[in-house]
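Student: Using the numbering used here, the letters of the sequence shown map in sequence onto residues 4 to 419. Virtual Cβ for every residue (Gly too), placed ideally from N, Cα, C. So that we are looking at the same thing, I have put the structure below in structure tokens.
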Amino acid sequence: MKHRKIKSEIAFYLQNFDQIEYREYVDRQTRDCCRIIEKESGNKQHTDYFLNYYVPKVKIYDILSNDGMTKLVNSLYKLSPQKYKVFNVLYRKPTILHKYDYVHMQKEHCFLGRLAEVQFIDSKYIKSIDITVTQMNDIYAFVEYDISFSIMLNEENRNQFIIDYLPQITDDDYFESFNIDGCHKLEIIYEMNQNYFEYICQHFVTSLFFSETGTKRKLLSIVYQIRKESIDIDKIYLGDNLCISYYNKDQNIILNRNYDSTKYVLLSGDNEVPKFDISEYVMKYGNIFYLRIMGESELTFFEKEYSKYVSGRKKIYFNREIIKLFKQVRSFSECQPLRGSEQDLMKDFDKNWILYKGNNKCRLKDYKYIKIEDYKKIYEEKYDYMEKMAEINYTKSNQVIAVISVIIAILAIICA
4 MKHRKIKSEI AFYLQNFDQI EYREYVDRQT RDCCRIIEKE SGNKQHTDYF
54 LNYYVPKVKI YDILSNDGMT KLVNSLYKLS PQKYKVFNVL YRKPTILHKY
104 DYVHMQKEHC FLGRLAEVQF IDSKYIKSID ITVTQMNDIY AFVEYDISFS
154 IMLNEENRNQ FIIDYLPQIT DDDYFESFNI DGCHKLEIIY EMNQNYFEYI
204 CQHFVTSLFF SETGTKRKLL SIVYQIRKES IDIDKIYLGD NLCISYYNKD
254 QNIILNRNYD STKYVLLSGD NEVPKFDISE YVMKYGNIFY LRIMGESELT
304 FFEKEYSKYV SGRKKIYFNR EIIKLFKQVR SFSECQPLRG SEQDLMKDFD
354 KNWILYKGNN KCRLKDYKYI KIEDYKKIYE EKYDYMEKMA EINYTKSNQV
404 IAVISVIIAI LAIICA
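Pasting the structure below:
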């Protein structure tokens with residue numbers, strides 16, 4: 004049912020996107036947005052809206068358990084040699100007799116390295132995907148998919164990229180649903196266009212490789228937006244006070260996030276594609292850094308899965324699904340003090356970055372967020388509840404099995 008709805012929405016988008024009415028709407032929005040922002044906010048200084056840019060790459064981030072890493076490594080060996088060239092796979096192919104521990108205890112140190120490079124042979128748009136892996140904690144690996152484009156995607160190429168790949172979307176892809184039956188048709192098409200690009204990039208992760216949650220939710224992503232002109236932090240518009248930006252003083256780049264905590268853009272000038280990698284921060288600070296950027300999203304996803312059991316729609320038994328939930332709870336209840344501490348992260352951040360809410364500077368330690376200790380407390384409480392409920396249901400199951408066994412034994416005696 005969901006798949007049919009998404010397909011109908013995609014058909015709606017493809018049918019209406021290239022209409023003259025919609026193109027005029029986009030031109031009008033682009034022309035008027037700057038004037039409206041300046042009028043409503045009184046903004047006269049920050050008038051650089053970073054409009055003319057191209058996209059050279061997108062990075063998608065995921066977390067995988069040891070089982071997930073096994074399936075990811077296995078997927079690299081299954082890619083068609085007619086379509087892809089796979090180089091420098093870090094691990095050997097797992098077999099039935101030989102399985103490997105890709106995720107294990109690493110407290111004082113942590114590995115960071117390239118898992119593989121996948122080159123596309125005949126793709127019009129994609130040049131390669133570099134896969135980097137580090138370990139976030141004792142349960143999850145942190146995986147980065149660096150998707151490089153063979154052409155620099157300007158607005159026209161980006162739109163055509165969406166049109167060309169939308170027909171390939173399957174049930175294994177996460178796509179948000181839109182209300183295409185509403186009265187604001189042009190606004191909906193515009194919103195679909197803004198979201199579809201990253202959904203399609205995530206499609207490569209879920210279709211070519213493996214993701215434990217990428218079919219159910221939007222993964223963390225960073226879209227690189229590059230332009231010819233330099234960046235002047237005192238002139239560029241960073242959004243309203245709900246938008247968060249991180250400005251790197253040395254590289255003169257901006258990492259910007261709007262209302263969606265999973266969607267980031269990296270702004271860079273001088274036609275320079277900067278070397279920036281959040282995997283290094285995850286390697287150094289583990290949960291402390293990851294929960295800073297993805298804590299709210301992870302908690303929202305957990306609550307959605309957790310509510311199935313609290314509401315009684317599902318019983319808590321020791322099956323594969325509940326074990327995954329147990330792993331998630333246990334993973335995010337760790338603070339990992341032996342790796343970089345939160346105080347170390349603050350010092351590291353203040354040395355290289357400046358935090359902005361809208362265009363106003365803000366100290367990282369003063370920025371309101373859910374602290375690591377709060378996450379730890381939340382997940383520990385849920386873990387205790389799930390563990391007790393699982394034990395109760397396990398006891399009930401054993402009692403039922405015992406009663407059935409007695410009945411079978413009595414019937415066997417009677418029949419004899």
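Glu159: buried (16+ other C-beta within 10 angstroms of its C-beta) or exposed?
Tutor: Exposed.
Student: With respect to the alpha helix (DSSP H) encompassing Gln163, which residues constitute its N-terminal and C-terminal limits?
Tutor: Taken as a continuous stretch (DSSP letters only), the alpha helix (DSSP H) holding Gln163 covers Glu158 to Tyr168.
Student: Hey, could you find the ends of the alpha helix (DSSP H) Phe207 is sitting in?
Tutor: From DSSP, the alpha helix (DSSP H) with Phe207 extends over Lys188 to Leu211.
Student: Taking Asn259 as the reference, give the member of Asp253, Ile247, Asn251 and Thr265 with the closest Cα.
Tutor: Checked all of Asp253, Ile247, Asn251 and Thr265; the closest Cα to Asn259 is Ile247.
Student: Can you check whether the CB of Leu358 is closer than 8 Å to the CB of Leu367?
Tutor: Closer than 8 Å, so yes.
Student: Would you call Pro59 buried or exposed, if buried means 16 or more other Cβ atoms sit within 10 Å of its Cβ?
Tutor: Buried, by the Cβ-count rule.
Student: Who are the Cβ neighbours of Cys365 in its own chain at under 8 Å, not counting the five residues just before and after it?
Tutor: Around Cys365: Leu358 and Tyr359.
Student: Please classify Arg220: does DSSP put it in a helix, a strand, or coil?
Tutor: In the structure shown, Arg220 sits in coil (DSSP, three-state: anything other than H, G, I, E or B).
Student: Do Tyr25 and Leu189 have their C-beta atoms within less than 8 Å of each other?
Tutor: In this structure, Leu189 lies closer than 8 Å to Tyr25 by Cβ.
Student: Report yes or no: do the region 69-86 and the region 162-172 share at least 3 C-beta pairs separated by less than 8 Å?
Tutor: No, the region 69-86 does not touch the region 162-172.
Student: Could you tell me the alpha carbon to alpha carbon distance between Tyr28 and Phe181, rounded to whole angstroms?
Tutor: The alpha-carbon atoms of Tyr28 and Phe181 are separated by roughly 19 Å.
Student: Can you tell which of Phe292, Val226, Ile296 and Lys354 has the C-alpha that lies nearest to the C-alpha of Lys62?
Tutor: For Lys62, the nearest C-alpha among the options comes from Val226.
Student: So Val76 is in the alpha helix (DSSP H); what residue range does that whole segment cover?
Tutor: Note, Val76: alpha helix (DSSP H), Asn69 to Lys81.
Student: If you reduce the DSSP assignment to three classes, tell me which class Arg95 lands in.
Tutor: The answer is coil: DSSP assigns Arg95 none of H, G, I, E or B.
Student: Which residues does DSSP pair with Cys421 in a beta bridge?
Tutor: Residue 421 falls outside the range modelled here, since the chain spans only 4 to 419, and no answer is possible.
Student: Classify Ala144: buried if its beta carbon has 16 or more other beta carbons within 10 angstroms, exposed otherwise.
Tutor: So Ala144 counts as buried.
Student: Pick helix, strand or coil for Thr135, following the three-state DSSP scheme.
Tutor: It is a strand residue.
Student: Using a Cβ-Cβ cut-off of 6 Å (strictly less than) and excluding sequence neighbours within five positions of Leu93, which residues of its own chain qualify?
Tutor: Excluding sequence neighbours, Leu93 sits near Leu118.
Student: With H, G and I counted as helix, E and B as strand and the rest as coil, what does DSSP make of Tyr288?
Tutor: In this structure, Tyr288 counts as helix in the three-state DSSP scheme.
Student: Considering only the alpha carbon of each residue, which of Phe292, Phe152 and Ile142 lies closest to Gln346?
Tutor: Gln346 has its Cα closest to that of Phe292, out of Phe292, Phe152 and Ile142.
Student: Apart from the five residues on each side of it in sequence, which residues of its chain come closer than 7 Å, Cβ to Cβ, to Ser131?
Tutor: Same-chain partners within the cutoff: Glu120, Val121, Gln122, Phe123 and Ser151.
Student: Under the DSSP definition of a beta bridge, which residues are partnered with Asp62?
Tutor: Checking the displayed sequence, the identity of residue 62 turns out to be Lys instead of Asp. According to DSSP, Lys62 bridges with Asp149 and Ile225.
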